[in-house]
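Chains A and B supply the protein sequences, listed in that same order.
With the first sequence counted from 1, adding 19 to any position gets you this note's numbering.
With the second sequence counted from 1, adding 4 to any position gets you this note's numbering.
Scroll down for the structure; my scribbles are underneath it.
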Amino acid sequence: MKCKNRVLNSKCAGEEKRVGTRTVFVGHRPVSETDAYVEQKFCDNRIVSSKYTVWNFLPKNLFEQFRRIANFYFLIIFLVQVIVDTPTSPVTSGLPLFFVIIVTAIKQGYEDWLRHRADKEVNKSSVFIVENAKQVKKHSEKIKVGDIVEVKADETFPCDLIFLASSNDDGICYVTTASLDGESNFKTHYAVRDTTGLQTDDDIDSLTATIECEQPQPDLYKFVGRINIYRSNQEPVARSLGPENLLLKGSTLKNTKKIYGVAVYTGMETKMALNYQGKSQKRSAVEKSINAFLVVYLCILVSKATVCTTLKYIWQSNPFNDEPWYNQKTIKERDTFKILRMFTDFLSFMVLFNFIIPVSMYVTVEMQKFLGSFFIAWDKEMYDEEIKEGALVNTSDLNEELGQVEYVFTDKTGTLTENSMKFIECCIDGHKYKDGISEVDGFSHTDGPLRYYGKAEKCREELFLRALCLCHTVQIKGGDNVDGLRVNQECWTYISSSPDEIALVKGAKKYGFTFLGHEADYMKVQNQKNEIEKYQLLHVLNFDPVRRRMSVIVKTSTGKFLLFCKGADSSIFPRVQQDEIQQTKVHVERNAMDGYRTLCVAFKELTQEDYKKINDQLSEAKMALQDREEKMARIFDDIEADMHLIGATAVEDRLQEHAAETIEALQTAGMKVWVLTGDKMETAKSTCYASRLFQTNTELLELTTKTMGDSDRKEERLHELLLEYHKKLLQDFPKNSGKLKRSWTVSQEYGLIIDGSTLSLILNPSQDSSSSNYKSIFLQICLKCTSVLCCRMAPLQKAQIVRMVKNTKGNPITLSIGDGANDVSMILEAHVGIGIKGKEGRQAARNSDYAVPKFKHLRKLLLAHGHLYYVRIAHLVQYFFYKNLCFILPQFLYQFFCGFSQQPLYDAAYLTMYNICFTSLPILAYSLLEQHINIETLTSDPRLYMKISDNAMLQWKPFLYWTFLGSFEGLVFFFGVYFLFQNSSLEHNGKVFGNWTFGTIVFTVLVFTVTLKLALDTRFWTWMNHFVIWGSLAFYVFFSFFWGGIIWPFLKQQRMYFVFAHMVTSVSTWLAIVLLIFISLSPEILLVVFKNAKRKNHQTVPFNLPMLLSYKRMENGYTSEMKFQDAVTNLTQRCHLRIPQMQQL
Amino acid sequence: MGPCPVVGQWQGSGLSLGLHGALPGGGAMAGIGALPGNKPDNTAFTQQRLPAWQPLLSAGTALPLFFCAGLACLALGLGLHFSSATIRELELDYTGAPGSGHNCSRCANASRAGAAGCTCSLRFELPERFPGPVCLYYQLANYYQNHRRYSVSRDDRQLSGVASGLSNPARECSPFRTDPRGIPIAPCGAIANSLFNDTFALYHLANGTFYPVPLDNRGISWWTDSNIKFSNPELINGSLEAAFRGTAKPPNWPHAAYTLDMGNLNNTGFINEDFIVWMRTAALPTFRKLYRRVREGNFSSGLPQGTYRLDITYNYPVLSFQGTKKVIFSTVSWMGGKNPFLGIVYLIFGSACILTGFVMLAVHIKFQKQNQMDVE
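This is the structure we're talking about:
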């Protein structure tokens, strides 16, 4: 249960206003004298993230709290107690509710105060605005759309600005968006070309321009606009504006002295503000179980009340029972209608038994989740020295879900692999180039001659290397020379959003071509002869995952126009001369087999006219306000055609350490691991072998474009294959498919490979006849395979797959893990989303529920933390229901002996304190500290994970067991004391005990029993457990003495006065209490003992696997002594892929 | 319910301008333990490695436990059983239901008609000597002192002698809060109104004459009740009657409260022990209350075997609600009155423990053998 998404109180940023455009007058200056300047109404630059004000805090907060169903229920109970004459005072339920409400209100108030403070800090920070050629200092909140704002180095932009001019002559500024998306590299932004010269306040004030742009949209990386610059007596000049011209609020200006910008979006309309949305509401399976149990208990509650009400009126039908002479009704009671009386009686019983659904359970569950999640963040083993970060918990609601995962969807690049690319080799015109084996990574400059395997023509070589040097978006970040002035080569760092590009640039450097950075529009490259070549960068056709390629258009110093393009083979091959493909294709496929990432490089020479045409088209498209993206894509498509293939590169992306062991552990734990990657099939497949997703004996079922063929009957062929595979699997898995889900004893394992286009063919078939049938066949195939590899996936397809599995029968719990922006959709889609704090920015980590530094940490996160949290919370929930059942059952039974008069068995103080003080802390401590199996065993034996699969501890069977236990104990408590009270003179001097002593004895037995029951369940006794368990009991005794020891002036009746003290003077009572506690606990003790005896019998020898021996083999009858030999052969088999590769060297 | 988790909300963010510069609401890097470079503490607590005792209830540890517990229970059970068995108890039903031919039937009829002061007597034999001190109880059945309407109908403030309680009794007391004239009733409420008012006198037949057996009415209530919780209003001019002026007697009472024990100022009014005993409401519809003890004079060592006569002033009507009345003579021991239940349950539980112990032993041995065979 979490706060609702905070709806920003943004009257001005409504959804409906996001369509259309807005016109901004720069500096609020009218365009011409004739047009009257109309002040437009935009919202101001005040950020309001706070929810409450001093005035509305109380009503608003209370309203929000009572909107939750549980709070509302307790409020109703409380009101019933106030209005109707009920057995228990309103305090008993009012006090806990009040406590919870107050604590929540204080916490939310404090958080809101922090928000207010932070808002104020932002809103009151001073900014400089250029007004009438003068700088005016203002509070940030005063900025209006159209103001020209000056921002200095290392300042944060106060609103979204269109970049007009910078202190750099080239109109460039550097920005870091670390606080927006976590990417700490510098991003270059460009000023509007026609205003770059306006570098002083006076100059900038002379600018007359309007900006038309779209209404604010949340996408951080999209912006479409147009600036019209009016010069005296001239036609206005229009320039297109894109995201590169927009400086976003929240990002920081770096390495640039100052910039001028005009505010276009302010306050709650900034992209940053629009981007804030509460996290998606993921609810855990445990929560659903709790709700189901709640319904059961609600039914019990209502039926108890109904039974009591009915019996009461049956009992009262005897007049001497209804109103004996000693117990006369008041006149008012006599006068009320029978129906009304019955109704109030029913409500009274409800109130009397309402403790069966405790307020405190919600509080305790909430606390357990919140406090418990700290253990994940604190875990030293999930701390990565390299990035100096540990795990991050974004939501604590899903801790226990980590112990329930059935499907793991993992990204490949950056998740399974390190995403630290190494340039391995390249091929130019079919000739292979590879440097020495002992490669020194990094900046050490290995100039030396490289090993050639036959040579391509010199000019082709150089062309290829120039292409590598030019076709990228890499920047250089140096100590203090950002502009790429060559001062000291050693302190350069290449930075880019894509590690592949860096690897390629570094690769080119090894072959003698060094990229030296940008200088205004020019890119500088040092060639093999140490000469510096300059290329004018005309256009960058950026990479996007749909095109899967990027291009640059440059002008050489000789005036030639060149287009370089690099991209995936599938996107390059159709766009180059077909005769050139063959020789390169061999290399590309070989490299892919070896698990390298391959890119093809192509080029094209453009004539002056061509370029002019392209340039016009691009400018026009860039200027478009509507559908700019599509227009651009279309033009890119036209431009990147008829190219010439030069060669291909191979970059190695190493597997993350322990990735294979982790995958195997996950599989042993009964999880099915699916790899969803955008990569090529061959690359992905080899990674899967290396990471042991596929074993050598795994039979692969392929559903790829290759197996489909190119023909038109693709779909038919697909259907044939699907049926064939389905039949095959059905033969192997006889009927009981459900049972086999988690067993490795199956002789044959199947793996499925599918690619994006085939998937879309299945999911979105052309003719809709019988399509859903094939869809379900496909799903059945998927679910029967032990591992599935999906390659060539678009981000949305990844989410589609996750959704498909999520919605299958049984609703298996899914987990997605990824590191890049392309994984965000699947992270959000899955039940549990895990982000890797990888090299591709922070988007995945930001959108995830948990973030870990490395893939291998998943093992501990799931097997240890997930397992423990699940066991803890499941036990917590069951225990809570149990302890309240045996709390209320005696109260119910007592009604049979007090004429169904709603007489409470326990004193009000006990009723109130039972859940709050006497029995709350031990279970909280248990649910935070319990390790029924210690962490090392859990991580080293993944099979233990299967024990809690399918929500095992919260199924109806264990629930019934606990309910039975609670009922049994309730019966023992009540009837034990009932028979004891057959003779109520229990003191040695013959004095008698009354009804409050009766209740106190029951209550004492109850408190001791439920606490000791927990003690029996505790397997991990830290000092804290000792402290709270024995402390709670001691506190109960102390409190009882204290409560009964004083005449309380505020109480109407001194019911408990010295009741407890008298109780403990009676030896019989002592003996009865001890006996009843023992009897209540005996079934539990017996069960535990027999379970342990059984376990001891079946105990297996704890096994230590050699690193490379598979768990699956163990399960299939291989024991550790079972020939090391075998392990070795197995090992060599698995490594057969690597060996030929080594031989090549 | 409850607290909306701080997680994913504002943890850590909002505390600095820089982070607030991120998404408002701190969606960005908010979360637990997010600070980069902040290596987690390597303490036993944070790493969940606190030293812990990890007990495992195995057959080995449980077996002796079961035997010990079983033996202890058996011993206790035997002790309890014999203690209970040595307690002498004699019950005399004097309800006098019509047609029972009982001596008190006459009085029962009379009390039904509303007449008070009818006396009847019971002659009974004590088959053996009752060692002292012997307690005299009265027991009512089918009498719901624990009925909620009844049990709340009292005013503890009034009973503690507070003046305002006397003049203005609690609302809960109605319909016995004020008399029809509106004068507050003291003591108010249904419990006080229905005070048990039968009286008993015991005679022992010795040498052909009945000698009265002195019955001690002191110390039959809890000390804390009669000395602290209950207390009379402050005397006015040394007169309790004056203190009670302005109050009415409960409708069922023949006399006002201050006349409960006329001669003894320490046992009259609210602090009358019979009254206090009655005011401690019973737990179950069949209950006994201590009436008197025999511990004085010739009978301080107990009631000798022989014939006795009990004179009863039959005031209390019970037939209207099908109740019964009994007088019980009982000796007491360390465990209180006669109560066979505890001893029996202890014996059963003890034997069950030992039996389970044996079963477990058998299972244990069987498993061990199996294990050994497995090893071989």
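We treat Cβ as the ideally placed atom computed from N, Cα and C, and that holds for glycine.
Just so it is clear, the structure is predicted and the values come from calculations on it, not from any experiment.
Measure from the C-beta of residue i to each C-beta in chain A and report whether the shortest distance is under 8 Å.
| i | result |
| --- | --- |
| Pro188(B) | no |
| Gln162(B) | no |
| Tyr350(B) | yes |
| Ser235(B) | no |
| Phe288(B) | Rather than Phe, the amino acid found at residue 288(B) in this sequence is Leu. Taking Cβ atoms only, chain A reaches closer than 8 Å to Leu288(B), which makes this a yes. |
| Tyr318(B) | no |
| Trp282(B) | no |
At the level of alpha carbons, what is the spacing between residue i and residue j?
| i | j | result |
| --- | --- | --- |
| Leu1031(A) | Gly839(A) | 49 Å |
| Leu847(A) | Tyr888(A) | 22 Å |
| Ala366(B) | Thr290(B) | 46 Å |
| Asn187(A) | Ile223(A) | 15 Å |
| Lys525(A) | Lys873(A) | 25 Å |
| Asn343(B) | Gly64(B) | 36 Å |
| Ala971(A) | Ile796(A) | 29 Å |
| Asn151(A) | Lys631(A) | 41 Å |
| Ile230(A) | Arg136(A) | 34 Å |
| Ile781(A) | Tyr793(A) | 7 Å |
| Thr777(A) | Lys733(A) | 9 Å |
| Ile682(A) | Ser303(A) | 24 Å |
| Gln714(A) | Tyr708(A) | 6 Å |
So that I know if they touch, is there some Cβ in chain B lying closer than 8 Å to that of residue i?
| i | result |
| --- | --- |
| Val1107(A) | yes |
| Asp63(A) | no |
| Thr805(A) | no |
| Tyr345(A) | yes |
| His1081(A) | yes |
| Gly1009(A) | yes |
| Ser835(A) | no |
| Thr349(A) | yes |
Check whether chain C comes within 8 Å of residue i, counting only Cβ atoms and requiring the distance to be less than that.
| i | result |
| --- | --- |
| Arg133(B) | Protein chains A and B are contained in the structure displayed, whereas chain C is not. |
Residue i and residue j look like a contact to me (Cβ under 8 Å); what is the Cβ gap, rounded to whole Å?
| i | j | result |
| --- | --- | --- |
| Lys171(A) | Lys268(A) | Rounded, the Cβ-Cβ distance is 16 Å, inconsistent with contact. |
| Met700(A) | Arg566(A) | Met700(A) to Arg566(A), Cβ: 19 Å. No contact. |
| Asn319(B) | Gly121(B) | 7 Å |
| Cys488(A) | Ala527(A) | 5 Å |
| Asp166(A) | Ala282(A) | 5 Å |
| Ile773(A) | Leu722(A) | 4 Å |
| Phe234(B) | Ser168(B) | No, Phe234(B) and Ser168(B) are not in contact; Cβ-Cβ is about 17 Å, not under 8 Å. |
Label residue i either buried or exposed according to how many other C-beta atoms from any shown protein chain fall within 10 Å of its C-beta, with 16 as the threshold for buried.
| i | result |
| --- | --- |
| Leu979(A) | exposed |
| Ile591(A) | buried |
| Arg292(B) | buried |
| Ile447(A) | buried |
| Asp354(A) | exposed |
| Asp160(B) | buried |
| Phe982(A) | Contrary to the premise, residue 982(A) reads as Thr rather than Phe in this sequence. Looking at its Cβ environment, which holds 16 or more other Cβ atoms inside 10 Å, Thr982(A) is buried. |
| His738(A) | buried |
| field | Contacting positions in the region 887-920 of chain A - beta carbon closer than 7 Å to chain B | value | Answer in chain order: Phe916, Cys917, Gly918, Ser920.
| For the region 408-426 of chain A, which residues have a CB atom closer than 9 Å to at least one CB atom of chain B, in sequence order? | Listed by position, the residues of the region 408-426 of chain A near chain B (Cβ gap below 9 Å) are Glu408, Gly409, Ala410, Leu411, Val412, Asn413, Thr414, Ser415, Asp416.
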